[in-house]
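Chemist: The sequence shown begins at 1 in the UniProt record's numbering and counts up by one.
Yeah, the Cβ is synthetic: ideal placement off N, Cα and C, and Gly gets one too.
Computed from a prediction, not measured in an experiment: that's the story for all the values here.
Pasting in a structure now, in structure tokens, and then I'll have a few things to ask.
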Amino acid sequence: MASLSIGTHHLHTANQFKKHSFHSISSTPLSSLPYKSSFGYSLCKLRGSRILGNGLLARAEDRAKGSSSPPPSSSNKRQGQQPNIDNQLQDLEPTSGSCDPLCSLDETSSQDFEANYQPRTDLVKALAVFGAAATGAVAINHSWVAANQDLAMALLFGIGYAGIIFEEFLAFNKSGVGLLMAVSLWVIRSIGAPSPDIAVSELTHASAEVSQIVFFLLGAMTIVEIVDAHQGFKLVTDIITTRKPRTLLWVVGFVTFLLSAVLDNLTSTIVMVSLLRKLVPPSEYRRLLGAVVVIAANAGGAWTPIGDVTTTMLWIHGQVSTLPTMKDLIVPSVVSLAVPLSLLSLTSEVNGKGPDMPNVLASEQMAPRGQLVFSVGIGALIFVPVFKALTGLPPFMGMLLGLGVLWILTDAIHYGESEGQRLKVPQALSRIDTQGALFFLGILLSVSSLEAAGLLRELANYLDAHIPNIELIASAIGVVSAIIDNVPLVAATMGMYDLSSFPQDHEFWQLVAYCAGTGGSMLLIGSAAGVAFMGMEKVDFFWYLRKVSGFAFAGYAAGIAAYLTVHNFSISLPTTLAELPFLSGS
Numbered sequence: 001m002a003s004l005s006i007g008t009h010h011l012h013t014a015n016q017f018k019k020h021s022f023h024s025i026s027s028t029p030l031s032s033l034p035y036k037s038s039f040g041y042s043l044c045k046l047r048g049s050r051i052l053g054n055g056l057l058a059r060a061e062d063r064a065k066g067s068s069s070p071p072p073s074s075s076n077k078r079q080g081q082q083p084n085i086d087n088q089l090q091d092l093e094p095t096s097g098s099c100d101p102l103c104s105l106d107e108t109s110s111q112d113f114e115a116n117y118q119p120r121t122d123l124v125k126a127l128a129v130f131g132a133a134a135t136g137a138v139a140i141n142h143s144w145v146a147a148n149q150d151l152a153m154a155l156l157f158g159i160g161y162a163g164i165i166f167e168e169f170l171a172f173n174k175s176g177v178g179l180l181m182a183v184s185l186w187v188i189r190s191i192g193a194p195s196p197d198i199a200v201s202e203l204t205h206a207s208a209e210v211s212q213i214v215f216f217l218l219g220a221m222t223i224v225e226i227v228d229a230h231q232g233f234k235l236v237t238d239i240i241t242t243r244k245p246r247t248l249l250w251v252v253g254f255v256t257f258l259l260s261a262v263l264d265n266l267t268s269t270i271v272m273v274s275l276l277r278k279l280v281p282p283s284e285y286r287r288l289l290g291a292v293v294v295i296a297a298n299a300g301g302a303w304t305p306i307g308d309v310t311t312t313m314l315w316i317h318g319q320v321s322t323l324p325t326m327k328d329l330i331v332p333s334v335v336s337l338a339v340p341l342s343l344l345s346l347t348s349e350v351n352g353k354g355p356d357m358p359n360v361l362a363s364e365q366m367a368p369r370g371q372l373v374f375s376v377g378i379g380a381l382i383f384v385p386v387f388k389a390l391t392g393l394p395p396f397m398g399m400l401l402g403l404g405v406l407w408i409l410t411d412a413i414h415y416g417e418s419e420g421q422r423l424k425v426p427q428a429l430s431r432i433d434t435q436g437a438l439f440f441l442g443i444l445l446s447v448s449s450l451e452a453a454g455l456l457r458e459l460a461n462y463l464d465a466h467i468p469n470i471e472l473i474a475s476a477i478g479v480v481s482a483i484i485d486n487v488p489l490v491a492a493t494m495g496m497y498d499l500s501s502f503p504q505d506h507e508f509w510q511l512v513a514y515c516a517g518t519g520g521s522m523l524l525i526g527s528a529a530g531v532a533f534m535g536m537e538k539v540d541f542f543w544y545l546r547k548v549s550g551f552a553f554a555g556y557a558a559g560i561a562a563y564l565t566v567h568n569f570s571i572s573l574p575t576t577l578a579e580l581p582f583l584s585g586s
């Protein structure tokens with residue numbers, strides 16, 4: 001589940017800050033990392049500033065409570081380790097005496113804001129936004145739009161998509177841009193449709209399909225967040241005990257690969273990079289390990305219906321089914337990881353003397369009932385395809401079932417515990433990547449409007465006429481997904497080619513699932529996993545391009561070759577859940 005922009009993190013309160021001192025980003029996984037954007041780095045700094053704010057508030061409370069007595073030695077030691085925090089605390093304390101020692105940072109920040117407030121600037125910005133909205137409303141109602149619906153929708157989609165790609169430069173969040181684009185496109189469609197009733201019917205049908213994906217992602221993100229809050233993933237990371245550089249490279253790669261097959265690639269990357277930051281000191285070798293995590297997370301998510309958001313989209317809409325996809329894509333996905341690992345094993349960074357790697361993981365303790373919550377959470381995710389096969393209901397119903405079970409379980413085991421509130425579902429819901437889900441909503445509704453207008457069918461006919469090779473089309477989608485968000489690419493492909501063109505589990509759909517899932521590894525900004533790695537390790541885009549992109553492309557191409565080779569052989573494996581021995585009664 002890529003892009004989803006779908007991550008997890010822990011909340012650290014001020015009391016935890018006083019107990020554990022100032023934590024680095026490595027111990028606090030990122031959440032809500034934007035997909036396909038360099039915004040991950042700035043989000044790292046934003047999360048660091050939030051933790052700093054909690055620490056400053058805690059220190060202010062300590063001073064207020066113990067100003068009349070000398071601090072203990074342990075406190076002195078902590079103060080010596082954090083001179084910057086003390087200095088910033090002094091800067092925040094007003095010198096005029098208008099604020100007592102218990103004055104909160106929010107009050108101080110409010111005073112600073114009022115002192116620097118410029119109403120004229122805000123008025124100009126507000127007028128500019130409303131002026132742009134009014135101009136857009138007038139333009140949409142122009143008679144030219146109704147007469148040239150296709151061109152108007154194509155232009156609007158291009159402008160909106162450019163706003164999404166360059167969100168960092170424009171300072172507009174891509175979720176907001178996506179929602180505005182979706183509504184505007186459907187307004188144009190309602191104007192250009194033969195009648196408004198037709199547009200409403202098309203929108204109702206599109207909303208039913210899009211909502212399935214959004215509900216599925218929200219349920220999956222919440223389950224993963226609950227498991228992460230209980231530190232359940234420590235069960236996975238504890239199995240990594242080797243300290244040999246080359247062996248560690250392969251172990252990290254395949255552990256991430258298996259983890260990403262069940263979780264989304266963003267969460268898998270956050271978990272594994274956080275582990276590496278505790279296991280390996282800063283070095284070029286650790287950067288290469290992080291790059292391996294990115295490649296492995298994308299490869300691992302491509303071959304299962306719940307491992308990557310693009311594969312999930314194809315699965316929910318019926319283009320692929322569970323067991324045939326897993327059977328046909330497991331080998332290409334493994335090859336796409338094994339080839340870069342083999343090439344990286346020959347580099348001097350891996351073959352040289354490895355850095356000293358102290359065992360700091362043994363001292364970390366799992367939260368109460370972490371093993372139970374981990375088992376139930378992962379079981380709920382794995383049960384979703386089984387639920388779909390047994391009941392015939394959409395996958396999001398199985399995901400909501402698993403979330404409901406986990407919700408009741410956590411309420412029961414933490415009943416009456418004051419400290420257990422942060423481990424319950426309501427707190428998890430406040431930490432999931434809601435803006436990522438809204439981004440998917442906007443993009444998918446936008447693409448569905450183009451499909452309703454017939455634009456995607458025209459594009460498909462053009463590609464069929466000029467590029468008759470479906471393998472080449474699917475491969476090109478993967479290459480483009482390294483630059484452009486793979487969610488709208490796959491959504492557009494689904495709109496261009498329906499099941500009458502290519503039936504379920506056709507070679508084309510499976511190649512699209514593989515290429516869109518793994519193609520993002522070729523560039524650092526090509527996937528949510530890469531953006532997370534860039535933000536957590538401060539990796540430069542050109543370092544990845546120089547050191548890793550070639551290896552990732554080799555794995556991508558080798559995986560396509562492996563798929564075409566394996567697909568030409570008849571392998572007798574179950575293709576439906578009913579054919580499995582434990583379900584068929586044999």
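Can you give me the Cβ contacts of residue 97 inside the same chain, cut-off strictly under 8 Å, excluding the 5 residues immediately before and after it?
Modeler: Against the sequence shown, residue 97 aligns to sequence position 97. Legend: pLDDT at residue 97 = 42, less than 50; position of this residue unreliable, no value from coordinates given.
Chemist: Does the structure place the region 287-303 close enough to the region 255-268 that three or more beta carbon pairs sit under 8 Å?
Modeler: At 8 Å Cβ cutoff, the stretches touch.
Chemist: Which residue from 443, 282, 392 and 218 puts its Cα closest to that of residue 425?
Modeler: Position 425 of the sequence shown holds residue 425. Checking every option, the nearest Cα to that of residue 425 belongs to 218.
Chemist: Which word fits residue 396, buried or exposed, when buried means at least 16 other C-beta atoms lie within 10 angstroms of its C-beta?
Modeler: Numbered from its first residue, the sequence shown carries residue 396 at position 396. With 16 or more Cβ atoms within 10 Å of its Cβ, residue 396 is classed as buried.
Chemist: Apart from the five residues on each side of it in sequence, which residues of its chain come closer than 6 Å, Cβ to Cβ, to residue 181?
Modeler: Along the sequence shown, read from residue 1 onward, the residue named residue 181 stands at position 181. Counting only Cβ-Cβ distances below 6 Å, and skipping sequence neighbours, we find 160 and 446.
Chemist: Quick check on residue 567: does DSSP put it in helix, strand or coil?
Modeler: Here residue 567 corresponds to residue number 567 of the sequence shown, with the count starting at 1. Note: residue 567 maps to helix in three-state DSSP.
Chemist: Could you tell me which whole alpha helix (DSSP H) segments of length 4 or greater appear in the region 279-305?
Modeler: Here the runs fully enclosed are 284-302.
Chemist: Can you have a look at residue 144 and say buried or exposed, based on whether 16 or more other CB atoms are within 10 angstroms of its CB?
Modeler: Locating residue 144 in the sequence shown gives position 144, counting from the first residue. With fewer than 16 other Cβ atoms within 10 Å, it is exposed.
Chemist: Thinking residue 533 and residue 251 are a contact (beta carbons under 8 Å), I'd like their distance in whole angstroms, please.
Modeler: In the sequence shown, residue 533 corresponds to position 533, counting from 1. In the sequence shown, residue 251 corresponds to position 251, counting from 1. Their Cβ separation, rounded to whole angstroms, is 18 Å, which puts residue 533 and residue 251 out of contact at 8 Å.
Chemist: Quick check on the DSSP output: the alpha helix (DSSP H) that includes residue 457 runs from which residue to which?
Modeler: The residue labelled residue 457 in the question sits at position 457 within the sequence shown. Run containing residue 457: 455-466, per the alpha helix (DSSP H) assignment.
Chemist: Tell me the rounded alpha-carbon separation between residue 451 and residue 173.
Modeler: Numbered from its first residue, the sequence shown carries residue 451 at position 451. Numbered from its first residue, the sequence shown carries residue 173 at position 173. Whole-angstrom Cα-Cα distance: 25 Å.
Chemist: Please determine if the region 382-395 and the region 233-247 are in contact, where contact requires at least 3 C-beta pairs separated by less than 8 Å.
Modeler: Touching, no, given that fewer than three Cβ pairs across the two stretches are closer than 8 Å.
Chemist: So what's residue 173 in DSSP terms, helix, strand or just coil?
Modeler: Taking the sequence shown and counting its residues from 1, the one referred to as residue 173 is at position 173. Looking at residue 173 - three-state DSSP - the assignment turns out to be coil, as it is neither helix nor strand.
Chemist: Which parts of the region 116-161 are runs of the alpha helix (DSSP H), unbroken and 4 residues or longer, counting only runs that do not cross its ends?
Modeler: Entirely contained in the region 116-161, the alpha helix (DSSP H) runs reaching 4 residues are, in chain order, 119-140 and 143-147.
Chemist: Is residue 332 buried or exposed, if buried means 16 or more other CB atoms sit within 10 Å of its CB?
Modeler: Working through the sequence shown from its first residue, we reach residue 332 at position 332. Residue 332 should be labelled buried.
Chemist: Flag this pair as touching only if the region 370-381 and the region 224-236 have three or more C-beta atom pairs under 8 Å; answer yes or no.
Modeler: Flag = yes, the region 370-381 and the region 224-236 touch.
Chemist: Less than 7 Å between the C-beta atoms of residue 436 and residue 178, yes or no?
Modeler: Numbered from its first residue, the sequence shown carries residue 436 at position 436. Numbered from its first residue, the sequence shown carries residue 178 at position 178. Result no, Cβ atoms of residue 436 and residue 178 do not sit closer than 7 Å.
Chemist: Taking C-beta to C-beta, are residue 336 and residue 556 nearer than 7 Å?
Modeler: In the sequence shown, counting from the first residue as 1, residue 336 sits at position 336. In the sequence shown, counting from the first residue as 1, residue 556 sits at position 556. Yes. Within cutoff.
Chemist: Decide if residue 468 is buried, meaning its Cβ has at least 16 other Cβ atoms within 10 Å, or exposed.
Modeler: The sequence position of residue 468 within the sequence shown is 468, counting from 1. With fewer than 16 other Cβ atoms within 10 Å, it is exposed.
Chemist: Can you tell me whether DSSP reads residue 514 as helix, strand or coil?
Modeler: Counted from its first residue, the sequence shown places residue 514 at position 514. Note: residue 514 maps to helix in three-state DSSP.
Chemist: Cα separation between residue 320 and residue 209?
Modeler: Reading the sequence shown from its first residue, position 320 is the one you call residue 320. Reading the sequence shown from its first residue, position 209 is the one you call residue 209. Those two C-alpha atoms are separated by around 16 Å.
Chemist: How would you label residue 197, buried or exposed, when you count the other beta carbons within 10 angstroms and need 16 or more for buried?
Modeler: Within the sequence shown, residue 197 is the residue found at index 197, counting from 1. By the 10 Å Cβ count, residue 197 comes out exposed.
Chemist: Taking only the alpha-carbon atoms, compute the straight-line gap between residue 193 and residue 187 and give it to the nearest angstrom.
Modeler: What you label residue 193 is simply residue 193 of the sequence shown in a count that begins at 1. What you label residue 187 is simply residue 187 of the sequence shown in a count that begins at 1. One C-alpha to the other measures close to 10 Å.
Chemist: Whole angstroms are fine: how far does the CA of residue 216 sit from the CA of residue 403?
Modeler: Position 403 of the sequence shown holds residue 403. Position 216 of the sequence shown holds residue 216. In a straight line, the C-alpha of residue 403 is about 10 Å away from that of residue 216.
Chemist: What's the gap between the Cα of residue 421 and the Cα of residue 465?
Modeler: By 1-based counting over the sequence shown, the position of residue 421 is 421. By 1-based counting over the sequence shown, the position of residue 465 is 465. Rounded to the nearest angstrom, the two C-alpha atoms are 59 Å apart.
Chemist: How many Å lie between residue 538 and residue 340 at the Cα?
Modeler: The sequence position of residue 538 within the sequence shown is 538, counting from 1. The sequence position of residue 340 within the sequence shown is 340, counting from 1. Approximately 22 Å between the Cα atoms of the pair.
Chemist: If you check the beta carbons only, do residue 455 and residue 264 fall under 7 Å apart?
Modeler: In the sequence shown, residue 455 corresponds to position 455, counting from 1. In the sequence shown, residue 264 corresponds to position 264, counting from 1. Result no, Cβ atoms of residue 455 and residue 264 do not sit closer than 7 Å.
Chemist: Which first and last residues belong to the alpha helix (DSSP H) in which residue 501 is found?
Modeler: On the sequence shown, residue 501 is found 501 positions in, with the first residue counted as 1. Run containing residue 501: none; DSSP gives neither H nor E here.
Chemist: In its own chain, which residues sit with a C-beta less than 6 Å from the C-beta of residue 343, not counting the 5 before and 5 after it?
Modeler: Translated into the one-based positions of the sequence shown, residue 343 becomes position 343. Correct list, in chain order: 551.
Chemist: Closer than 6 Å by C-beta to residue 566: which residues in its own chain qualify, once you throw out the five before and the five after it? Chain order, please.
Modeler: Along the sequence shown, one-based indexing puts residue 566 at 566. Excluding positions up to five away in sequence, the list reads 331.
Chemist: Please determine if the region 310-327 and the region 501-508 are in contact, where contact requires at least 3 C-beta pairs separated by less than 8 Å.
Modeler: Touching, per the Cβ criterion.
Chemist: Tell me which residues share the same chain as residue 411 and place their Cβ nearer than 8 Å to its Cβ, disregarding the 5 neighbours each side in the sequence.
Modeler: For the purposes of this step, residue 411 is taken as residue 411 along the sequence shown, with counting starting at 1. Same-chain partners within the cutoff: 424 and 425.
Chemist: Report the residue from 307, 146 and 221 whose alpha carbon sits nearest the alpha carbon of residue 433.
Modeler: Reading the sequence shown from its first residue, position 433 is the one you call residue 433. Considering only alpha carbons, the answer is 221.
Chemist: Exposed or buried, which one is residue 486 when buried takes at least 16 other CB atoms within 10 Å?
Modeler: Position 486 of the sequence shown, counting from 1, holds the residue named residue 486. Flag for residue 486 reads buried.
Chemist: What three-state label does DSSP hand residue 231 in the structure shown?
Modeler: As a first step, residue 231 must be located in the sequence shown, where it is residue number 231. Residue 231: coil per DSSP, three-state reduction.
Chemist: So for residue 538, helix, strand or coil by DSSP?
Modeler: The residue you call residue 538 lines up with position 538 of the sequence shown. DSSP places residue 538 in coil when its eight states are reduced to three.
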